[in-house]
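Data first, discussion second: the structure below is written as structure tokens.
Residue numbers (the working numbering): 296 to 485.
Below you can see the structure in the form of structure tokens.
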């Protein structure tokens with residue numbers, strides 16, 4: 296297993312915050328797995344980043360092997376989306392809550408976010424990234440002002456902000472392109 300400092304820097308720079316009453320703060324970031332532009336950020340306990348050469352590899356990791364996408368897949372759709380949602384509802388320790396892509400139409404590099412449970416039904420904020428400045432995946436791709444689309448898998452409602460610390464224009468839920476294409480600098484999940 297190759298440990299890469301790029302992932303440690305990325306998660307440290309994310310300024311990951313948990314709010315009072317939520318599932319505990321990520322203590323320190325660790326990096327595992329290979330390389331590549333498709334990463335999984337696990338928000339359970341210690342923030343852990345695992346990166347892969349393929350999106351299908353990242354999704355297999357995020358779901359504990361329960362969802363095996365075809366080689367070359369760039370998104371979770373159809374029966375695979377049904378499998379992912381079923382895996383989430385049966386999960387005891389990790390739930391995939393969504394994927395961020397650097398290009399519109401769910402293409403390019405990706406970050407799939409997992410946590411110990413799905414978001415609850417109340418509207419309060421459960422998790423945030425207050426500043427994406429300097430966030431890089433294991434291939435060295437910088438994510439600040441580069442998110443071009445996003446999809447949610449569970450009941451977490453994500454809000455994407457134009458500027459750091461939740462300022463400026465915003466968009467929520469699943470989205471692709473538009474006014475915030477390559478403009479997002481902070482994210483909040485509730």
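No residue lacks a Cβ here, since even glycine has one placed at the ideal position from N, Cα and C.
- Scanning the segment 346 to 409 from its first residue to its last, the whole beta strand (DSSP E) runs of 3-plus residues come out as 390 to 398.
- Relative to the Cα of residue 408, the nearest Cα in the group 475, 382, 344 and 331 belongs to 344.
- Listed in chain order, the non-local C-beta contacts of residue 356 below 6 Å within the same chain comprise 335 and 345, local neighbours out to five positions each way being set aside.
- For residue 448, no beta strand (DSSP E) run applies, since DSSP gives it neither H nor E.
- The beta carbon of residue 371 lies closer than 8 Å to those of 354, 362, 364, 379, 394, 446 and 448 in the same chain, with the five residues before and after it left out.
- Take the alpha-carbon of residue 388 and the one of residue 377: they are about 19 Å apart.
- Annotated three-state conformation of residue 425 is coil, per DSSP.
- Residue 403 and residue 440 have their alpha carbons spaced roughly 14 Å apart.
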